[in-house]
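Here the structure comes first, spelled out in C-alpha cells, and everything after it is commentary.
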Amino acid sequence: MPYPGAMQGELLRHLTKKRATVLYPFEKLELAEAYRGRWSHNMAKCTGCGLCAKDCPSEAIQLVETNITPGGRYPVCYLGRCMFCAQCEDTCPTGAIQLTNEYELADYQKRIIDSAEPEGFRYEKSK
Ligand code: SF4
Ligand code: SF4
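Residue numbers (the numbering used here): 1065 to 1191.
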C-alpha cells in the first residue's frame, strides 16, 4: 500500500501539462488518414466479382443479387461481424470498397448499421 503522499508529486507534475483526453462527444480526436472505420461501397465501381466476400476473414460480406453490376451481384457488409481489417479494400480490383474514418457506428436499427446499400435499396433480411 503506497503512503498517503505518494501521488502528490505525480499530481503536481501533471498540473501544468495539457490534458491527454478529449471531451467526447463535444470534442473529437483527429484521426489518422489510414483510419479504418465504417465500410463503404461504391456501386458505380463494383463489377460484382465477389472477391471481397471470398477474402473476408470474418465472413462479414454477403453478395446480393442485382441487375446493376456486370456480375449480377454486389456486396453487403454486416458491420457486426466486420473487424475492420481492410482486407476487402486491398482485395477489390476496382477500388470500390473503402473503409472510411467514420467510427460512430452505434444505432438502434440493425438494418442501418449492417449494410452499404445503394440508393433506394432496402435489404430487410438480417443475420
Ligand atoms: S474490413 Fe475485413 S472483416 Fe470487414 S468486411 Fe472487409 S475483409 Fe471483412
Ligand atoms: S471485390 Fe470489389 S468489384 Fe468485386 S464484388 Fe467486391 S466490391 Fe465489387
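Glycine included, each C-beta is placed from N, C-alpha and C at the ideal position.
task: Go through the segment 1066-1152 residue by residue and report every complete run of the alpha helix (DSSP H) that reaches 4 residues or more, in order.
output: Complete alpha helix (DSSP H) runs here, min 4: 1072-1079, 1115-1119.
message: Would the segment 1102-1113 count as touching the segment 1154-1162 if we require 3 or more Cβ pairs under 8 Å?
response: When C-beta atoms of the segment 1102-1113 are compared with those of the segment 1154-1162, three or more pairs fall below 8 Å, so the two segments count as touching.
message: Looking at GLU1166: is its Cβ nearer than 7 Å to the Cβ of ARG1100?
response: Remark: C-beta atoms of GLU1166 and ARG1100 do not approach each other more closely than 7 Å.
message: Under 6 Å: does the beta carbon of THR1111 sit that close to some heavy atom of ligand 2?
response: Result yes, Cβ under 6 Å from ligand 2.
message: Are the CB atoms of ARG1145 and ALA1124 within a distance shorter than 7 Å?
response: The Cβ-Cβ distance between ALA1124 and ARG1145 falls below 7 Å.
- prompt: Within 6 Å: the Cβ of GLN1151 and any heavy atom of ligand 1?
  reply: At least one heavy atom of ligand 1 falls within 6 Å of the beta-carbon of GLN1151.
query: How many Å lie between ILE1132 and TYR1138 at the Cα?
result: Straight-line Cα distance between these residues: approximately 8 Å.
field: Exposure of GLN1007, with buried meaning 16 or more beta-carbon neighbours within 10 Å
entry: Residue 1007 is absent from the structure shown; the chain starts at 1065 and stops at 1191.
message: Along the chain, where does the beta strand (DSSP E) containing GLN1162 start, and where does it finish?
response: Where GLN1162 is concerned, the enclosing beta strand (DSSP E) starts and stops at 1161-1163.
query: Can you tell me the Cα-Cα spacing of MET1141 and GLN1126, whole angstroms?
result: Inspection of the sequence shows that residue 1141 is occupied by Cys rather than by Met. The C-alpha of CYS1141 lies about 6 Å from the C-alpha of GLN1126.
GLY1135 to LEU1093 span [Cα, whole Å]: About 40 Å.
Simplified DSSP state of THR1155, which is helix, strand or coil: If DSSP states are grouped into helix, strand and coil, THR1155 belongs with the helices.
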